[in-house]
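In our numbering, the protein residues as written are 46 to 328. Just so it is clear, CB atoms sit at the ideal spot from N, CA and C, and this is done for glycine as well. If you're wondering where the values come from, they're calculated on a predicted model, not measured in any experiment. Everything on this sheet refers to the single structure shown next.
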């Protein structure tokens, strides 16, 4: 009985958190959810679940084995809009679905951008998450007309581990990671722009160089990076990545703030880094 009560409690927590997220500011338009992999649609029930609360208001979801995208369209847009795929962070163990997901989608909607929240495979499967990201980009372009999206203005934003995933998607888009399964997979999986928020895992700590997974080429899209100096274990990777992009002639805008720590998402704080949405919108 105690276990059943706990499960019910966590389900209620999800509903309440999502409701509160939608109430905080601009209303999200009616969302559409699509599973990434058709072969899993009927053969696998959802295993995802929330982790116990840490008292910080963050809703952490784990055990995502049937990944999906949820599309939040811009209401009453006359012309096709840009779109941004959102990859929340969570050390590839979970995703922080509100402050790095739902609330980010809400903000993008408020500035006229279609938001696509990606629930990628977790925990502990970076390659599956990478495949999910490639598939998600292709699906967005495949359904661009139906979702009123400009297929030539489809970008990515990632937070922490999601920032690592966004960087991989922005640098390793020519490699085929899975066998094509339908016509959506004829679309490009290269982002048109890339936003990295306190990205993780970009540095090889032994060699103090870029991680082996990050391949620099002239085809990397324009990039916007936000990091703080006091995010001590990760700031080096952001600095290395920004410099590598600039050395390759890639447009990279890097905002390095003195304070703010790690994992602030889009929620306001006392630190100057909380102004990143305004800087991103101008970019």
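Local Cβ density within 10 Å of residue 295, reported as buried at 16 or more and exposed below that: Numbered from its first residue, the chain shown carries residue 295 at position 250. Residue environment for residue 295: buried (at least 16 other C-beta atoms within 10 angstroms of its C-beta).
Nearest-angstrom Cβ-Cβ length linking residue 119 and residue 154, presumed shorter than 8 Å: Counted from its first residue, the chain shown places residue 119 at position 74. Counted from its first residue, the chain shown places residue 154 at position 109. At roughly 6 Å, the Cβ-Cβ gap stays under 8 Å, so residue 119 and residue 154 are in contact.
Simplified DSSP state of residue 302, which is helix, strand or coil: Your numbering for residue 302 matches position 257 in the chain shown. Residue 302: strand per DSSP, three-state reduction.
DSSP state of residue 119 mapped onto helix, strand, coil: Taking the first residue of the chain shown as 1, we reach residue 119 at position 74. Three-state result, residue 119: coil.
Beta-carbon proximity of residue 185 to residue 109, cut-off 9 Å: For the purposes of this step, residue 185 is taken as residue 140 along the chain shown, with counting starting at 1. For the purposes of this step, residue 109 is taken as residue 64 along the chain shown, with counting starting at 1. With respect to the 9 Å criterion, residue 185 and residue 109 are not classified as neighbours on the basis of their beta carbons.
Residue of 138, 131, 80 and 82 minimising C-alpha distance to residue 96: Within the chain shown, numbered from 1, the residue matching residue 96 stands at position 51. Ranking 138, 131, 80 and 82 by CA distance to the CA of residue 96 puts 138 first.
Local conformation of residue 211 per DSSP, three classes: Taking the chain shown and counting its residues from 1, the one referred to as residue 211 is at position 166. When secondary structure is reduced to three states using DSSP, residue 211 falls in the helix class.
Spatial neighbours of residue 270 in its chain, beta-carbon cut-off 6 Å, leaving aside the 5 residues before and after: Here residue 270 refers to the residue found at position 225 of the chain shown. Excluding residues up to 5 positions away in sequence, 241, 283, 287 and 299 lie with their Cβ nearer than 6 Å to the Cβ of residue 270 in the same chain.
8 Å contact criterion, which residue 267 and residue 207 should meet: CB distance rounded: As a first step, residue 267 must be located in the chain shown, where it is residue number 222. As a first step, residue 207 must be located in the chain shown, where it is residue number 162. Between residue 267 and residue 207 a beta carbon distance of about 19 Å is seen, past the 8 Å cut, so the two are scored as non-contacting.
Own chain, CB closer than 6 Å to residue 218, minus 5 neighbours either side, in chain order: Locating residue 218 in the chain shown gives position 173, counting from the first residue. Non-local beta-carbon contacts of residue 218 in its own chain, meaning distances under 6 Å to residues more than five positions away in sequence, involve 234 and 235 in chain order.
Spatial distance of residue 290 from residue 297 (CA atoms): Here residue 290 corresponds to residue number 245 of the chain shown, with the count starting at 1. Here residue 297 corresponds to residue number 252 of the chain shown, with the count starting at 1. Distance between residue 290 and residue 297, taken at the CA atoms: about 6 Å.
Spatial neighbours of residue 183 in its chain, beta-carbon cut-off 6 Å, leaving aside the 5 residues before and after: As a working note, residue 183 is residue 138 in the chain shown. Residues 229, 230, 232 and 234 of the same chain have their beta carbon placed closer than 6 Å to that of residue 183, with the five preceding and five following residues left out of the count.
Span of the alpha helix (DSSP H) around residue 295: Residue 295 sits at position 250 when you count from the first residue of the chain shown. Looking at the DSSP string, residue 295 is not in any alpha helix (DSSP H), and its letter there is neither H nor E.
Opening and closing residue of the alpha helix (DSSP H) in which residue 153 lies: To locate residue 153, count along the chain shown from 1; it is residue 108. Unbroken alpha helix (DSSP H) run through residue 153: 148-155.
Residue 253, buried or exposed, once every other Cβ within 10 Å from all chains shown has been counted against 16: Position 208 of the chain shown, counted from the start, is the residue given in the question as residue 253. Under this definition residue 253 is an exposed residue.
Given residue 257 as reference, the closest of 238, 272 and 213 once Cα atoms are compared: On the chain shown, position 212 is the one that residue 257 refers to. Closest in C-alpha terms to residue 257, from the list 238, 272 and 213, comes 213.
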